[in-house]
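Data first, discussion second: the structure below is written as structure tokens.
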Amino acid sequence: MSQNGSPPEPSGPAPSGAGHGAWGVFGYLVAGVGIYGGLGWLGDHYFRTSFLLPVGILVGLALALYLVFKRYGHHEPKDSP
């Protein structure tokens with residue numbers, strides 16, 4: 833057991849999304865398709881149609897990809913000498 837009881841402080845700020853990487857992208861994609869696909873399925877069930885499920889899946893995929901590119905797709909500018 834340590835004497836001071838507190839973990840050491842990190843040396844600098846962590847970059848945005850550090851430590852999440854591929855699992856964060858996977859989570860966005862699964863959640864987007866799952867939530868909007870589920871809403872499409874509910875809409876199909878309620879309105880007795882058959883096109884809202886695929887529309888919901890495609891909209892969820894598009895929004896998830898947008899969020900992935902927005903969060904993880906930025907590039908840090910390099911310092912020029």
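In our numbering, the protein residues as written are 833 to 913. Backbone N, C-alpha and C fix where the C-beta goes; we use that ideal spot for every residue, glycine too.
| Item | Value |
| --- | --- |
| Measuring CB to CB, does G872 end up less than 8 Å from L885? | yes |
| For K910, does the three-state DSSP call read helix, strand or coil? | coil |
| Going by C-alpha to C-alpha distance, which of G866, K902, L874 sits closest to V891? | G866 |
| Can V900 and Y860 be called in contact, C-beta distance under 8 Å? | yes |
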